[in-house]
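In the working numbering, the protein residues as written are 88 to 429.
Every residue, glycine too, gets a C-beta built ideally from N, C-alpha and C.
Everything numeric in this text was worked out from a predicted model, so none of it was measured.
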Amino acid sequence: GGAVQGFNPWTDYLAALRPKVDLAAIQEAVGSGRLRVWVDSMHGAAAGGLTQLLALPDTPYCQEIRGQADAWFGGNPPEPLAAYLQPLLTAIKMGDGALRVGLAFDGDGDRIAAADGEGNYLNSQILIPVLIDHLAGKRGVQGELIKTISGSDFMPQVAARYDLSTWETHVGYKYIAERMLANRAQGQNTLLGGEESGGIGYGTHIPERDALLSALYLLEAVALSGEDLGQYYRRLQEELGFTKVYDRRDVRLPDAAARMQVETRLAQAPFTEIAGSAVADVRAGDGYKFRLTDGDWAMVRFSGTEPLLRLYAEAATGDRVTALLAWLTQELAPPVPNLGPN
88 GGAVQGFNPW
98 TDYLAALRPK
108 VDLAAIQEAV
118 GSGRLRVWVD
128 SMHGAAAGGL
138 TQLLALPDTP
148 YCQEIRGQAD
158 AWFGGNPPEP
168 LAAYLQPLLT
178 AIKMGDGALR
188 VGLAFDGDGD
198 RIAAADGEGN
208 YLNSQILIPV
218 LIDHLAGKRG
228 VQGELIKTIS
238 GSDFMPQVAA
248 RYDLSTWETH
258 VGYKYIAERM
268 LANRAQGQNT
278 LLGGEESGGI
288 GYGTHIPERD
298 ALLSALYLLE
308 AVALSGEDLG
318 QYYRRLQEEL
328 GFTKVYDRRD
338 VRLPDAAARM
348 QVETRLAQAP
358 FTEIAGSAVA
368 DVRAGDGYKF
378 RLTDGDWAMV
388 RFSGTEPLLR
398 LYAEAATGDR
408 VTALLAWLTQ
418 ELAPPVPNLG
428 PN
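So, in structure tokens, the structure goes:
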């Protein structure tokens, strides 16, 4: 066999990221203590990346937690979900009055979640609108927004603010990448493409998700605006008059037969009303997305990897979202009787 050669991918990779942001502005904000950053790498591949980029070895204002390599990921799935990020959320709540940002990367460093200065968990439904506004509004980047069908209506609304079009795909980053590559082949720009699980890619970068680049853009947005991510998002909502609430619920199905039953029911007779609101439009393909006459929407799709029914809703109030999700759960996956041990 041939010789095995080692190499360090960080050097070229970080060199490619540095020119994409105003790194000096981020370094000044962090180095002065005006911005305090906590990074949770979840024992994954992105560990050490952000601290190398900031190049502030003596600062106490950028702290990395769970940065050690661990094949068991500390006993938790390396998923940037609130349930697994309590060390990060707790650390931020104990911080002082400076601007505070928490950033979390998944195990292979392609998906991101964040936290605001109060330790509130922020998923991609919040981060993507912030990124659209920052890239298009502050950086002047042009291009199509690519979002998945399950994404918030706020995303295209922010894109429209800058006269940018939106392309909607099935859930899964591969569909986003296909569109991004098609745009590139036709000489068209892509602003960004984002999916609900926190995978976000950029047209000025490779057509793949990159959590470190997302982290840099988010830090740049905070450093230049003087707002934490939660404040930035709320200001954006106020400016555009968007007040809707988004949530998702996963319901475990007992077996393949139960899934077939739900699929058959939806295919033969899609809902004409949901929780008292009439359905105005149904989009089938990657599950079923129901637009309601009152402007709210609900969606049903199956997980591609697990026996799960994924239910989504975006509505005028949190209570209404809860009602829509509860209605779908009752209609499609009523509680299974507990039959005891097998």
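- prompt: Within 10 angstroms of its Cβ, does D197 collect 16 or more other Cβ (buried), or is it exposed?
  reply: Looking at its Cβ environment, which holds 16 or more other Cβ atoms inside 10 Å, D197 is buried.
- prompt: Tell me, which residues are paired with D315 by DSSP?
  reply: For D315, which the question treats as bridged, DSSP gives no partner whatsoever.
message: Check whether the segment 411-421 and the segment 264-281 touch, using three or more Cβ-Cβ pairs below 8 Å as the test.
response: Contact between the segment 411-421 and the segment 264-281 is absent, because fewer than three Cβ pairs lie under 8 Å.
- request: Name the one or two DSSP bridge partners that S252 has.
  value: Looking at the DSSP assignment, S252 forms no beta bridge with any residue, so it has no partner.
query: beta strand (DSSP E) containing T416: first to last residue?
result: For T416, no beta strand (DSSP E) run applies; the uninterrupted alpha helix (DSSP H) run containing it begins and ends at G405 to L419, by DSSP.
- request: Have a look at D383, D109, E401 and E393 and flag the residue whose alpha-carbon is nearest the alpha-carbon of V332.
  value: Comparing Cα-Cα distances from V332 to each of D383, D109, E401 and E393, the minimum goes to E401.
message: Which residues does DSSP list as the beta-bridge partners of E401?
response: For E401, which the question treats as bridged, DSSP gives the partners Y333 and W384.
- request: Take W125 as the anchor and find which of G154, D99, T351 and G88 has the nearest alpha-carbon.
  value: The option with the nearest alpha carbon to W125 is G154.
field: S301 in three-state terms, based on DSSP
entry: DSSP places S301 in the helix class (H, G or I) of the three-state scheme.
Distance, A365 Cα to D342 Cα: Computed Cα separation, rounded: 31 Å.
message: Determine whether the beta carbon atoms of L323 and D220 lie at a separation below 7 Å.
response: In this structure, L323 lies near D220, with their beta-carbon atoms less than 7 Å apart.
- prompt: Is A201 helix, strand or coil when you go by DSSP?
  reply: Collapsing the DSSP output to three states places A201 in a strand.
field: Those residues which DSSP pairs with D231 across a bridge
entry: Looking at the sequence shown, residue 231 is not Asp but Glu. In the DSSP assignment, the residues bridged to E231 are T277.
message: Please state the DSSP three-state secondary structure of G89.
response: Three-state DSSP puts G89 in coil, outside helix and strand.
- request: With a 10 Å radius around its C-beta and 16 neighbouring C-beta atoms as the bar for buried, classify P167 as buried or exposed.
  value: So P167 ends up on the buried side.
message: Is it the case that the segment 206-216 contacts the segment 252-263, given that we only count it when at least three CB pairs across the two stretches are under 8 Å?
response: These segments do not touch.
task: Could you check if S128 is buried or exposed, using at least 16 other CB atoms within 10 Å of its CB as the buried criterion?
output: By the 10 Å Cβ count, S128 comes out buried.
field: Buried or exposed by the 16-neighbour rule on C-beta atoms within 10 Å, applied to S252
entry: Result: exposed.
- prompt: Straight-line CA distance for E393 to A302?
  reply: Our two residues, E393 and A302, have alpha carbons roughly 29 Å apart in a direct line.
task: Indicate whether S237 and Y375 have their beta-carbon atoms separated by less than 7 Å.
output: No, Cβ-Cβ distance for S237 and Y375 is not below 7 Å.
Continuous beta strand (DSSP E) stretch holding I152: start and end: Unbroken beta strand (DSSP E) run through I152: C149 to I152.
- request: Just the C-alpha distance for L299 and A133, rounded to the nearest angstrom, thanks.
  value: Within the model, the alpha-carbon separation for L299 versus A133 is close to 7 Å.
query: Which whole-angstrom value describes the C-beta separation of K234 and G206, a residue pair presumed to lie in contact below a C-beta threshold of 8 Å?
result: Their Cβ separation, rounded to whole angstroms, is 27 Å, which puts K234 and G206 out of contact at 8 Å.
- prompt: Looking only at its own chain, which residues have a Cβ that is under 8 Å from the Cβ of E283, when we skip the five neighbours before and after it?
  reply: Scanning its chain for C-beta atoms nearer than 8 Å, with the 5 sequence neighbours on each side dropped, one finds around E283 the residues N210, S211, Q212, T235, S237, G238, V258 and R335, in chain order.
- prompt: Leaving out five residues before and five after T409 in sequence, what residues of the same chain have Cβ atoms less than 8 Å from its Cβ?
  reply: Within the same chain, T409 has close Cβ partners D334.
query: For G182 versus L143, is the C-beta spacing smaller than 7 Å?
result: No. Outside cutoff.
F241 in three-state terms, based on DSSP: Three-state result, F241: helix.
- prompt: Run through DSSP, which three-state label would I287 get?
  reply: Three-state result, I287: strand.
For R121, the first and last residue of its enclosing alpha helix (DSSP H): That residue, R121, is in no alpha helix (DSSP H); it is neither H nor E in DSSP.
task: Within the same chain, show all residues whose beta-carbon is closer than 7 Å to that of N429, passing over the 5 residues directly before and after it, in chain order.
output: Caution is warranted here: a pLDDT of 37 is assigned to N429, below 50, making its placement in the model unreliable, and the coordinate value is therefore given only provisionally. Counting only residues of its own chain and dropping the five nearest sequence neighbours on each side, N429 has no CB closer than 7 Å to any other CB.
message: What does the Cβ neighbour count give for G136, buried or exposed, with the cut at 16 atoms within 10 Å?
response: The residue is buried, with at least 16 neighbouring Cβ atoms inside 10 Å.
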